[in-house]
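Under the UniProt record's numbering, the first residue of the sequence shown is numbered 1, with each subsequent residue one higher.
From the three backbone atoms N, C-alpha and C, an ideal C-beta is built for every residue, glycine too.
Quick caveat: nothing in here was measured; it's all calculated off a predicted structure.
This report refers to the structure that appears directly beneath it.
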Amino acid sequence: MRRRFLDCVETAAFPGTSEEEMKGMLHMVVVNGGPTGIELTGELHDFLEEDLTNWYPELHPYMRVTLVEALPSVPPMFHKQLMQYTERAFKENR
């Protein structure tokens, strides 16, 4: 997964890569709103914002992370206040 992710970033940085191609290559989708999916989404977001933005500032406008969960809220197995906090934190970082 890491190799594929970095391949996408490096390919998007090549001169001549169209905006549409960059958007596709730099949109990471995590499917699973459980603890592992939430942790991975947060780590990806931090890596994009804190590291890749410094290395590839021209790609920053195209970087996105989307968390997909089939249930109405995330994480479904935790206390309601923690679920609400998690949802707010993710929405604020769009």
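Got a sec, what are the start and stop residues for the beta strand (DSSP E) residue i sits in?
{"i": "L67", "result": "64-68"}
Can you pull the DSSP bridge partners for residue i?
{"i": "V9", "result": "According to DSSP, V9 bridges with nothing at all."}
{"i": "H27", "result": "R64"}
Which value, in whole angstroms, describes the spacing of the CA atoms of residue i and residue j?
{"i": "V13", "j": "H60", "result": "Checking the displayed sequence, the identity of residue 13 turns out to be Ala instead of Val. Rounded to the nearest angstrom, the two C-alpha atoms are 11 Å apart."}
{"i": "S18", "j": "H79", "result": "44 Å"}
{"i": "P35", "j": "E58", "result": "32 Å"}
{"i": "E92", "j": "P15", "result": "32 Å"}
{"i": "E10", "j": "N32", "result": "26 Å"}
{"i": "F5", "j": "H27", "result": "10 Å"}
{"i": "F47", "j": "M22", "result": "17 Å"}
{"i": "T53", "j": "Q81", "result": "32 Å"}
{"i": "L67", "j": "M1", "result": "16 Å"}
{"i": "T41", "j": "Y56", "result": "20 Å"}
{"i": "H45", "j": "Y62", "result": "13 Å"}
{"i": "Q84", "j": "E50", "result": "25 Å"}
{"i": "E20", "j": "D7", "result": "17 Å"}
What's the call for residue i, buried or exposed, on a 16-neighbour Cβ count within 10 Å?
{"i": "T86", "result": "buried"}
{"i": "L71", "result": "exposed"}
{"i": "V30", "result": "buried"}
Let's see if you can read the secondary structure: which residues bound the alpha helix (DSSP H) around residue i?
{"i": "E43", "result": "35-47"}
{"i": "T86", "result": "80-92"}
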